[in-house]
Amino acid sequence: MARLLVTGGAGFIGSNFVHYAVEHTDHHLTVLDKLTYAGNRESLAGLPEDRVSFVLGDIADAALVDDLVGSVDAVVHYAAESHNDNSLSDPHPFLHTNLVGSFTLLEAARRHSVRLHHISTDEVYGDLELDDPARFTETTPYNPSSPYSSTKAGSDLLVRAWVRSFGVEATISNCSNNYGPYQHVEKFIPRQITNILRGVRPKLYGEGRNVRDWIHADDHSSAVLTILEKGRVGETYLIGADGEKDNKTVIEMILTLMGQPADAFDHVTDRAGHDLRYAIDSTKLRTELGWRPHYQDFESGLAATIQWYRDNESWWAPAKDATEAFYARLGQ
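In terms of full-length UniProt numbering, the sequence shown has 91 at position 91, counting the first letter as 1, and numbering is strictly consecutive.
Next comes the structure, spelled out in C-alpha cells:
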C-alpha cells in the first residue's frame, strides 16, 4: 500500500482523484488543501477515515510541506489557482500558489527523495486556430496567454529543471478541460447546468466558437494513476479523450439533455484574450503506457455530470449566488 500526498485534494480535479484512488487502489491518501474558495471539505465527505486524512495548509508553507512529504511515498500535485477570469482580476495568488508553492514541493521532494507527479494544463501551449488540424503534443512550444497559464507554464519548467539539475524523480501531465462532479459553479459546464436547475438561461461567451477538448475527471484520474505506476521519470504525458466541442455545441447539448430548447441561452461579453481552441494528442500516453479513457462518448459523461448536479444541490448552492454576482459585474 502506497502513501500518497495529494495537494489540492479538496478541489475539483483533486477530489475526484481522491475518490477514484480510494475506489480503485489500496493507497492511503493525505490531502493537503488551503481551502480557498475553490476547495471544499464536503467534496471529501463519506470517504473512509482509515484511508483518507486531511491537513489544512498552504503548499508554500515550507515547514509543513517538508513534514508531510517526508512521511509519504509519492506526491500528486494538483494544487493550483486555476481560473482564468480570476487571474485577470488579481494575478498575485497565481504566482504565490503556482510558482512558489510548486517550488516548495520540489524542494521537499528533493530533500526526501520522494517521487512527484505534477498536474498541469494544456493552456500552457496557448491556443490553436479553429481550422488548424494540428493538436498539442509533448513537444509543442509553450505560448501561455494569461497569468494563470503563464504561471502553470512556469511551474512545469521548474519541475523539468529540478529533474535535470537535482535528480528529482518527477513526471508532468498536461490535461485538457475536465468536467464531472465537484466542479465549482464558476466553471463553464457546471455554471450552465446550475443556471438551468435554477430556471435561469445559460450564458455563452461571445459566439461560442471557442473549442475545448473535454475529458471526464475520472478519466483524468485513471491517467494520473497510470503515469504514477508506469511513467518514466522526467517525461511529460498529455492526457486527452478526443472530446473536442465548441462552447455553443456544449450548451446546446446540456439544454437538450435537460429537456430545454437547444437555443434557450443568452450571449454575453466574451472573455478578454479568450483562447480559440485546445486539442490534445494523447498518443504517447496511450501507446507507451496503455491508457484508455472510460468515457469515450462525451454525451454520456455529460449526462452523468448533469445528474450529479441534480442530486447534489446542497454542495453547489452555497457558492452560486456569489458567483453569479461576480459575473454580473463583468457583464457576463
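Yeah, the Cβ is synthetic: ideal placement off N, Cα and C, and Gly gets one too.
Worksheet entry | Candidates Asn-40, His-28, Gly-8: closest to Leu-105 by CA position | That would be Gly-8, whose Cα lies nearest to the Cα of Leu-105.
Discussion item. Could you pull the DSSP bridge partners for Ile-119 from this structure?
Written reply: Ser-173
Worksheet item: What residue ranges within the segment 213 to 249 form continuous beta strand (DSSP E) runs of no fewer than 3 residues, ordered along the chain?
Response: 236 to 239, 244 to 246
Practice prompt. Specify the secondary structure class of Ala-328 as computed by DSSP and reduced to three states.
Written response: helix
Worksheet item: In whole angstroms, what is the alpha-carbon distance linking Ile-306 and Ile-215?
Response: Rounded to whole angstroms, Ile-306 and Ile-215 show a C-alpha spacing of 15 Å.
Worksheet item: Given a threshold of 16 other Cβ atoms within 10 Å of its Cβ, counted over all protein chains shown, does Val-233 qualify as buried or as exposed?
Response: Exposed is the call here.
Worksheet item: With burial defined as no fewer than 16 other Cβ atoms inside 10 Å of the residue's Cβ, what is the status of Phe-298: buried or exposed?
Response: buried
Worksheet item: Where does the unbroken alpha helix (DSSP H) through Ser-15 begin, and where does it stop?
Response: Taken as a continuous stretch (DSSP letters only), the alpha helix (DSSP H) holding Ser-15 covers 12 to 24.
Item to complete: Sort Ser-149, Thr-137, Gly-46 by Cα distance to Pro-91 and report the nearest one.
Response: Taking only the C-alpha atoms, the option nearest Pro-91 is Ser-149.
Discussion item. What does DSSP give as the partner residue(s) for Lys-203 in the beta ladder?
Written reply: Asp-266
Discussion item. Once the 5 residues before and after Lys-248 are set aside, which same chain residues still bring their CB inside 8 Å of it?
Written reply: Leu-204, Glu-207, Gly-208, Arg-209
Worksheet item: Going by Cα to Cα distance, which pick from Ser-89, Thr-151, Tyr-142 is closest to His-96?
Response: Thr-151
Discussion item. If the criterion is Cβ atoms closer than 7 Å, does the pair Asp-33 and Ala-10 meet it?
Written reply: Contact flag set, yes.
Worksheet item: Got a sec, what are the start and stop residues for the alpha helix (DSSP H) Ala-108 sits in?
Response: 102 to 112
Worksheet item: If you count every other CB in all the chains shown that lies within 10 Å of the CB of Glu-23, and 16 or more means buried, which is it?
Response: exposed
Worksheet item: Considering only residues of the segment 137 to 190, which uninterrupted alpha helix (DSSP H) runs meet the minimum length of 4 residues and lie entirely inside it, listed in chain order?
Response: 147 to 166
Discussion item. So, for His-319: in the same chain, excluding its five sequence neighbours on each side, which residues have a beta-carbon less than 6 Å away from its beta-carbon?
Written reply: A small fix is needed here, since residue 319 is Ala in this sequence, not His. Taken in chain order, the residues that qualify are Val-185.
Worksheet item: Can you give the Cα-Cα distance for Gly-180 and Tyr-125, rounded to whole angstroms?
Response: 24 Å
Worksheet item: Where does the unbroken beta strand (DSSP E) through Thr-305 begin, and where does it stop?
Response: Careful: Thr-305 lies outside any beta strand (DSSP E), inside the alpha helix (DSSP H) at 298 to 311.
Fill in: Local conformation of Ala-317 per DSSP, three classes
helix
Worksheet item: Which residues mark the beginning and the end of the alpha helix (DSSP H) in which Arg-286 is found?
Response: 283 to 289
Worksheet item: Nearest CA to the CA of Thr-226: which residue from Tyr-20, Phe-103, Ile-189, Ala-304?
Response: Tyr-20
Worksheet entry | Beta carbon of Val-76 nearer than 7 Å to that of Leu-4 | yes
Worksheet item: Do you know offhand how far Glu-244's Cα is from Ala-63's?
Response: 42 Å
Discussion item. For Gln-296, count the other beta carbons within 10 Å of its own beta carbon; 16 or more makes it buried, fewer makes it exposed. Which is it?
Written reply: Per the 10 Å Cβ criterion, exposed.
Discussion item. Less than 6 Å between C-beta atoms, sequence neighbours within five positions excluded: which residues of the same chain meet that for Asp-58?
Written reply: Apart from sequence neighbours up to five positions away, the residues of its chain that approach Asp-58 with a beta-carbon distance below 6 Å are Lys-34, ordered along the chain.
Worksheet entry | Pairwise C-alpha distance: Ser-165 and Gly-231 | 20 Å
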